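Engineer: Have a look at this one before I ask anything.
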Amino acid sequence: MRPHLLQLLLLSLCLTGCQGVGSRSLDAGPTADEVKVRLNDDGPPATVDSPAMATSASKQIVLHTDHPLENRQRLLEDLSEERSYIAERLNLAPPATPVHIYLFAKQAAYHDHVHAKFPQFPTRRAIFVSADNQLSVYAHGGDHLVEDLRHEATHGFLHAATPNLPLWLDEGLAEFFEVGRGREGLHRGHVDYLLGQQAIANWKPDLERLEQITDAALMTQLDYAESWLWVHFLLESAGDKSPVLTAYLADLRSGTAEDALSVRLSRRVPNAGDQVAAHLGKLPR
14 MRPHLLQLLL
24 LSLCLTGCQG
34 VGSRSLDAGP
44 TADEVKVRLN
54 DDGPPATVDS
64 PAMATSASKQ
74 IVLHTDHPLE
84 NRQRLLEDLS
94 EERSYIAERL
104 NLAPPATPVH
114 IYLFAKQAAY
124 HDHVHAKFPQ
134 FPTRRAIFVS
144 ADNQLSVYAH
154 GGDHLVEDLR
164 HEATHGFLHA
174 ATPNLPLWLD
184 EGLAEFFEVG
194 RGREGLHRGH
204 VDYLLGQQAI
214 ANWKPDLERL
224 EQITDAALMT
234 QLDYAESWLW
244 VHFLLESAGD
254 KSPVLTAYLA
264 DLRSGTAEDA
274 LSVRLSRRVP
284 NAGDQVAAHL
294 GKLPR
């Protein structure tokens, strides 16, 4: 099987100041075998108000870049494969709504554009926006482009397919899929963090607590990590619990999801919190 670009993608440009930007989650970081795809730093930079961006599209993914991008078609194809993989794992029909991805070579150009367009948004390395009847991802080059693109594009794919996702589930799924195909959703950073919280703070999984969070600005590192763990438990633990999740997503799409996922899961998995904690203990460090 050929290596997937989003599993291996890394920009060869380490752009000035990229390490100081806030992140929406723990950073998995690039692996040693990641191929390099370069944004060529030549030509005039895009302006804030009307960036001179090259545009190309494939299967409901529209890619906009402000500098020439090597392997543009390969990137589009791999984003399309990621979209199909998510649809397959979650039993979703591939959505017809396009997701627009705006990729900036320079961190400064990205921040100028995002702050001008969305002044109310906090500083992030990458963002997903659903506004004006368009699903959009904004990101810039740097060491974390791999997981940033996967994470935010997952939000786009999910929102195109399933409206009204609970916040914890939206983020948990994005954390699961950001690690790329072939890794079974394993986010080692979250595993280490949650084991640490067990040891020093007596943390225990509590899905009902997560379901009460409705403001993304209030989500903590613990919330992201625990949201990921519940999704990983549903999709990857023994006993095939994925139908609980996929049936819930189907009911969200049809507008018939009367019960929270925690209620549904309790019918299938007694003492689910204890089982999730046990699942965490079995995961590779």
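With the first letter of the sequence shown counted as 1, position 37 gets the number 50 in my numbering; the numbers rise by one all the way through. C-beta: ideal position from N, C-alpha, C; glycine also. Nothing here was measured: the structure is a model prediction, and the numbers come from that model.
If you measure between the beta carbons of Gly185 and Val282, is that distance less than 8 Å?
Structural biologist: Position 172 of the sequence shown holds residue 185. Position 269 of the sequence shown holds residue 282. For Gly185 and Val282, no; Cβs fall outside 8 Å.
Engineer: Which runs of the beta strand (DSSP E) spanning at least 3 residues fall entirely within the segment 137 to 180, listed in chain order?
Structural biologist: Counting whole runs of 3 or more residues, the segment 137 to 180 contains the beta strand (DSSP E) stretches 139 to 144 and 147 to 153.
Engineer: Take Ala139 as the anchor and find which of Gln147, His126, Asp145 and Asn146 has the nearest alpha-carbon.
Structural biologist: Translated into positions along the sequence shown, residue 139 becomes position 126. Taking only the C-alpha atoms, the option nearest Ala139 is His126.
Engineer: Based on the DSSP secondary-structure assignment, which residues constitute the bridge partners of Val204?
Structural biologist: Walking along the sequence shown from the start, residue 204 turns up at place 191. Bridge partners of Val204: none, in fact.
Engineer: Out of Pro179, Glu188, Glu191 and Trp216, point me to the one whose CA is closest to Gln225's CA.
Structural biologist: Working through the sequence shown from its first residue, we reach residue 225 at position 212. Nearest of Pro179, Glu188, Glu191 and Trp216 to Gln225, Cα basis: Pro179.
Engineer: Would Ser267 be called buried (16 or more neighbouring beta carbons within 10 Å of its own) or exposed?
Structural biologist: Translated into the one-based positions of the sequence shown, residue 267 becomes position 254. Flag for Ser267 reads exposed.
Engineer: For Arg280, which residues of its own chain have a beta-carbon under 8 Å away from its beta-carbon, when the five flanking residues on both sides are left out?
Structural biologist: On the sequence shown, residue 280 is found 267 positions in, with the first residue counted as 1. So no residue of the chain qualifies.
Engineer: Among Thr175, Arg163 and Leu207, which has the Cα closest to the Cα of Leu265?
Structural biologist: Locating residue 265 in the sequence shown gives position 252, counting from the first residue. Minimum Cα distance to Leu265 is reached at Thr175.
Engineer: Do you know how far the Cα of Gly155 is from the Cα of Glu165?
Structural biologist: Reading the sequence shown from its first residue, position 152 is the one you call residue 165. Reading the sequence shown from its first residue, position 142 is the one you call residue 155. So the alpha carbons of these two residues sit roughly 15 Å apart.
Engineer: Can you give me the C-alpha to C-alpha distance between Glu94 and Tyr261, rounded to a whole angstrom?
Structural biologist: Indexing the sequence shown from 1 puts residue 94 at position 81. Indexing the sequence shown from 1 puts residue 261 at position 248. Roughly 24 Å separates the two Cα atoms.
Engineer: Can you tell me which of Ala229, Met66, Ile74 and Leu207 puts its alpha carbon nearest to the alpha carbon of Pro111?
Structural biologist: For the purposes of this step, residue 111 is taken as residue 98 along the sequence shown, with counting starting at 1. Nearest of Ala229, Met66, Ile74 and Leu207 to Pro111, Cα basis: Ile74.
Engineer: Provide the residue(s) that pair with Phe117 in DSSP beta bridges, ordered along the chain.
Structural biologist: Locating residue 117 in the sequence shown gives position 104, where the first residue counts as 1. According to DSSP, Phe117 bridges with His153.
Engineer: Any idea if Val213 is buried or exposed, counting beta-carbon neighbours within 10 angstroms, 16 or more meaning buried?
Structural biologist: Residue numbering aside, residue 213 sits at position 200 when the sequence shown is read from its first letter. In the sequence as displayed, the identity of residue 213 is Ile instead of Val. So Ile213 ends up on the exposed side.
Engineer: Are at least three pairs of beta-carbons, each pair with one atom in the segment 140 to 148 and one in the segment 78 to 91, less than 8 Å apart?
Structural biologist: No, the segment 140 to 148 is not in contact with the segment 78 to 91.
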